[in-house]
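Visitor: Numbering (the working numbering), first residue to last: 59 to 295.
A virtual CB, placed ideally from N, CA and C, is assigned to each residue, including glycine.
Here you go, one structure.
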């Protein structure tokens, strides 16, 4: 953790973890900061973090360009204090997205242990914070894993003929259990602690993404909650 980045130490109701590409998605992060995650929109007992991981600049041949890019990332961290990079200990690559999220859950459990809920979402999602605040009062504080269920329940895992497939040795069954889709899901803190504490032991589930792995390790099916249905989903039809 750098000296220029400060984090709240008091009790938080909800922490957002927003998946983002640190080098290319500044515009998305800025749009979020100016809209649904602005100071006016987010209550004081909630905190927003962007999951950036360590910037990868190896493909940039010009040394000065590398330095400018890394300086821009540092400036963003210093100005906003919400961009996690080295804290998550992984290179910022799409293929390491699951590791990024599980490392974030471990980080929240260690740095913000009094948080009640954690929501993981994407940087192209608009969150209705006002509606979410209403829902938090009605949700259980333990054993909670909620989000939008996949349109196809008990779908088949991807196999070698498809991109980002799941090796059979990691998951030999022909159907996946119902799981909340990756764009947004909510976890109670006990679930966050469990996944964070055991994330290295759960490395064999990396191919699923953390949203599917949660089903495996928590032994639960996320309930269908209309507030967690993405706009445009077939479930709204």
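Using only CA atoms, which one of 199, 205, 140, 255 lies nearest to residue 237?
Guide: Locating residue 237 in the chain shown gives position 179, where the first residue counts as 1. Cα-wise, what sits closest to residue 237 is 205.
Visitor: Less than 9 Å between the beta carbons of residue 246 and residue 175, yes or no?
Guide: Indexing the chain shown from 1 puts residue 246 at position 188. Indexing the chain shown from 1 puts residue 175 at position 117. Yes. Within cutoff.
Visitor: Pick helix, strand or coil for residue 149, following the three-state DSSP scheme.
Guide: The residue labelled residue 149 in the question sits at position 91 within the chain shown. Strand.
Visitor: Classify residue 199 as buried or exposed, calling it buried when 16 or more other Cβ atoms lie within 10 Å of its own Cβ.
Guide: As a first step, residue 199 must be located in the chain shown, where it is residue number 141. Exposed, by the Cβ-count rule.
Visitor: For a test of the three-state rule: what should DSSP assign to residue 246, helix, strand or coil?
Guide: Here residue 246 corresponds to residue number 188 of the chain shown, with the count starting at 1. Residue 246 falls in the strand class under three-state DSSP.
Visitor: Note down the Cα distance separating residue 80 from residue 157, rounded to an integer number of angstroms.
Guide: Locating residue 80 in the chain shown gives position 22, where the first residue counts as 1. Locating residue 157 in the chain shown gives position 99, where the first residue counts as 1. Approximately 15 Å, taken between the alpha carbons.
Visitor: Roughly how many angstroms separate the alpha carbons of residue 173 and residue 214, rounded to a whole number?
Guide: For the purposes of this step, residue 173 is identified with residue 115 of the chain shown, where counting begins at 1. For the purposes of this step, residue 214 is identified with residue 156 of the chain shown, where counting begins at 1. Looking at the two C-alpha atoms, the distance is approximately 35 Å.
Visitor: Where residue 128 and residue 248 are concerned, what is the direct C-alpha to C-alpha distance, given to the nearest angstrom?
Guide: For the purposes of this step, residue 128 is taken as the residue at position 70 of the chain shown. For the purposes of this step, residue 248 is taken as the residue at position 190 of the chain shown. If you take the alpha carbons of residue 128 and residue 248, they lie about 36 Å apart.
Visitor: On the DSSP bridge assignment, give the partners of residue 104 in chain order.
Guide: What you label residue 104 is simply residue 46 of the chain shown in a count that begins at 1. Note: residue 104 sits in a beta bridge opposite 72.
Visitor: Does the distance from the CB of residue 95 to the CB of residue 185 come in under 9 Å?
Guide: Residue mapping note: residue 95 aligns to position 37 of the chain shown, counting from 1. Residue mapping note: residue 185 aligns to position 127 of the chain shown, counting from 1. Yes; because the gap between Cβ atoms is below 9 Å, this pair is in contact.
Visitor: With DSSP run on the structure shown, which of helix, strand or coil describes residue 138?
Guide: Residue numbering aside, residue 138 sits at position 80 when the chain shown is read from its first letter. In the structure shown, residue 138 sits in a helix (DSSP, three-state: H, G or I).
Visitor: For residue 244, which residues from the same chain have a beta carbon less than 7 Å from its beta carbon, with the 5 sequence-adjacent residues on both sides left out?
Guide: Looking up residue 244 in the chain shown gives position 186. Within the same chain, residue 244 has close Cβ partners 175, 177, 202, 204, 205.
Visitor: Exposed or buried, residue 135, counting other C-beta atoms within 10 Å across all chains shown (16 or more means buried)?
Guide: In the chain shown, residue 135 corresponds to position 77, counting from 1. With 16 or more neighbouring CB atoms inside 10 Å of its own CB, residue 135 falls in the buried class.
Visitor: Excluding five sequence neighbours on each side, which residues of the same chain lie with their C-beta closer than 7 Å to the C-beta of residue 103?
Guide: As a first step, residue 103 is located in the chain shown; it is residue number 45 there, counting from the start. Here the set comprises 70, 71.
Visitor: So what's residue 238 in DSSP terms, helix, strand or just coil?
Guide: Looking up residue 238 in the chain shown gives position 180. Note: residue 238 maps to strand in three-state DSSP.
Visitor: Tell me where the beta strand (DSSP E) around residue 207 begins and ends.
Guide: Position 149 of the chain shown, counting from 1, holds the residue named residue 207. Taken as a continuous stretch (DSSP letters only), the beta strand (DSSP E) holding residue 207 covers 203-207.
Visitor: For the beta strand (DSSP E) containing residue 180, name the first residue and the last one.
Guide: The count along the chain shown starts at 1 and reaches residue 180 at position 122. Per DSSP, residue 180 belongs to the beta strand (DSSP E) from 175-180.
Visitor: Throw me the rounded Cβ distance for the residue 141 and residue 165 pair, which I believe falls under 8 Å.
Guide: The residue labelled residue 141 in the question sits at position 83 within the chain shown. The residue labelled residue 165 in the question sits at position 107 within the chain shown. That pair is no contact at about 13 Å.
Visitor: Please check the pair residue 86 and residue 150, which I expect to be a contact at CB under 8 Å, by giving their CB distance rounded to whole angstroms.
Guide: What you label residue 86 is simply residue 28 of the chain shown in a count that begins at 1. What you label residue 150 is simply residue 92 of the chain shown in a count that begins at 1. The beta-carbon distance between residue 86 and residue 150, rounded to whole angstroms, is 14 Å. This is too long to meet the 8 Å contact definition.
Visitor: Any idea what DSSP makes of residue 156, helix, strand or coil?
Guide: As a working mapping, residue 156 is identified with position 98 in the chain shown. Correct three-state label for residue 156: helix.
Visitor: Only counting the same chain, and skipping five residues up and downstream in sequence, which positions put a Cβ closer than 7 Å to that of residue 106?
Guide: Position 48 of the chain shown, counted from the first residue, corresponds to residue 106. Around residue 106: 74, 76, 95, 100, 140.
Visitor: Give me the residue from 121, 171, 155 with the minimum Cα distance to residue 241.
Guide: Start at 1 with the first residue of the chain shown, and residue 241 comes out as number 183. Of 121, 171, 155, the residue nearest in Cα terms is 155.
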